[in-house]
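Q:
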Amino acid sequence: AKDALELRKSYKGNVTGQDIPLPIGSFEDLITRFSFDKRLLTNLIENHFTEPTPIQCESIPLALNSRDIVACAPTGSGKTLAFLIPLLQQIINDKETLGLKGLIISPTKELANQIFIECIKLSNKIFLDKKRPLQIALLSKSLSAKLKNKVINEKKYDIIISTPLRLIDVVKNEALDLSKVKHLIFDEADKLFDKTFVEQTDDILSSCTDNSLRKAMFSATIPSNVEEIANSIMLDPIRVIIGHKEA
Ligand code: ADP
Ligand code: MG
Numbered sequence: 107a108k109d110a111l112e113l114r115k116s117y118k119g120n121v122t123g124q125d126i127p128l129p130i131g132s133f134e135d136l137i138t139r140f141s142f143d144k145r146l147l148t149n150l151i152e153n154h155f156t157e158p159t160p161i162q163c164e165s166i167p168l169a170l171n172s173r174d175i176v177a178c179a180p181t182g183s184g185k186t187l188a189f190l191i192p193l194l195q196q197i198i199n200d201k202e203t204l205g206l207k208g209l210i211i212s213p214t215k216e217l218a219n220q221i222f223i224e225c226i227k228l229s230n231k232i233f234l235d236k237k238r239p240l241q242i243a244l245l246s247k248s249l250s251a252k253l254k255n256k257v258i259n260e261k262k263y264d265i266i267i268s269t270p271l272r273l274i275d276v277v278k279n280e281a282l283d284l285s286k287v288k289h290l291i292f293d294e295a296d297k298l299f300d301k302t303f304v305e306q307t308d309d310i311l312s313s314c315t316d317n318s319l320r321k322a323m324f325s326a327t328i329p330s331n332v333e334e335i336a337n338s339i340m341l342d343p344i345r346v347i348i349g350h351k352e353a
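If you want the UniProt record's numbering, it's the position in the sequence shown, counting the first as 1, plus 106.
#1: Would ILE339 pass as a contact of LEU273 if the rule is Cβ separation under 8 Å?
#2: Going along the chain, which residues of its own chain have a beta-carbon closer than 7 Å to the beta-carbon of LYS351, five neighbours each way excluded?
#3: For the alpha helix (DSSP H) containing ASP308, name the first residue and the last one.
#4: Should ALA169 be labelled buried (16 or more other beta-carbon atoms within 10 Å of its own) or exposed?
#5: Helix, strand or coil for ASP293 per DSSP?
#6: Going by other Cβ atoms of all chains shown within 10 Å of its Cβ, with 16 needed for buried, is residue 100 buried or exposed?
#7: Alpha carbon to alpha carbon, how far is GLU333 from residue 56? Give it in angstroms, no decimals.
#8: Which residue marks the beginning of the alpha helix (DSSP H) containing VAL121, and which one marks its end?
#9: Looking at the secondary structure, which residues open and close the alpha helix (DSSP H) in which ILE137 lies?
#10: Measuring straight from C-alpha to C-alpha, what distance separates PRO329 and PHE303?
#11: Straight-line CA distance for ALA353 to LEU249?
Take a look at the structure:
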């Protein structure tokens, strides 16, 4: 525990909230603390992700403890893996449940695509059972059309990555059910909760009706209005700030 606190000090991590889990010092820590999937660890190493970045050290244990998170760390600090690693582990843990369980919202198609690519790398060769690989989709124009035409079963995917408008469009057309989503992640949350998007973001939130819904926000900056919204929609959130002057 002392080492973990030293670690937090070394990267000037400012973590606030109730019952804060200790950070991890290495990805191997996940094996002992959370019976982490060995295949997932192999995928990290094969992609040369050998040591967690500070935001990953802090966020991964929080997410694996099913805590709501407001995370703020600079651009390029590894926020994508900070939410993807625990999400994949939680989907593996919940392999009995069929249908959409993880939803990642990004303000732009380009960013959504980058998240998708990282997610595909990490999920390589992971099977939920002998026949069923973990299914991840980017909600593209063509996938959205296939869902609406029922060419693809909406229960096929475990994780979907989307921009707000495209997601709302399929939900309004009753082509995608969000009521079983257990993990809702807002990337670049400052933009998603800004004037341009806040209405859509609210729509998404009200479609995710599962009682055990866990929410996370990741951003390089958390303006005070976003912080306010976070506090109003989240349950006992933990706030993680890495590398800011106030830390
Ligand atoms: P952010 O979202 O915070 O701006 P990204 O998630 O896009 O940052 O990550 C920035 C870069 O760092 C990416 O190229 C990513 O693959 C790389 N990266 C992330 N985590 C690690 C890690 N633990 N070890 C090495 N590289 C990493
Ligand atoms: Mg990012």
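A virtual CB, placed ideally from N, CA and C, is assigned to each residue, including glycine.
A: Put simply:
#1: Translated into positions along the sequence shown, residue 339 becomes position 233. Translated into positions along the sequence shown, residue 273 becomes position 167. Not in contact: ILE339 and LEU273 (Cβ atoms no closer than 8 Å).
#2: On the sequence shown, position 245 is the one that residue 351 refers to. Residue confidence is low: LYS351 scores 46 on pLDDT, short of 50, so the model does not pin down where it sits. No coordinate-derived value is stated.
#3: By 1-based counting over the sequence shown, the position of residue 308 is 202. Residues 304-313.
#4: In the sequence shown, counting from the first residue as 1, residue 169 sits at position 63. Buried is the call here.
#5: Taking the first residue of the sequence shown as 1, we reach residue 293 at position 187. Residue state, collapsed to three classes: strand.
#6: Since the first residue of the chain shown is 107 and the last is 353, residue 100 is not available in this structure.
#7: No answer is possible for residue 56: the residues shown for the chain start at 107 and end at 353.
#8: As a position in the sequence shown, residue 121 is number 15, starting the count at 1. Taken as a continuous stretch (DSSP letters only), VAL121 belongs to no alpha helix (DSSP H), being part of the beta strand (DSSP E) at 119-122.
#9: If you number the sequence shown from 1, residue 137 lands on position 31. Segment 135-140, the alpha helix (DSSP H) holding ILE137.
#10: On the sequence shown, residue 329 is found 223 positions in, with the first residue counted as 1. On the sequence shown, residue 303 is found 197 positions in, with the first residue counted as 1. The straight-line gap from Cα to Cα measures roughly 15 Å.
#11: In the sequence shown, the residue the question calls residue 353 occupies position 247. In the sequence shown, the residue the question calls residue 249 occupies position 143. For ALA353, the predicted model reports a pLDDT of 37, less than 50, meaning its position is unreliable and no value from the coordinates is stated.
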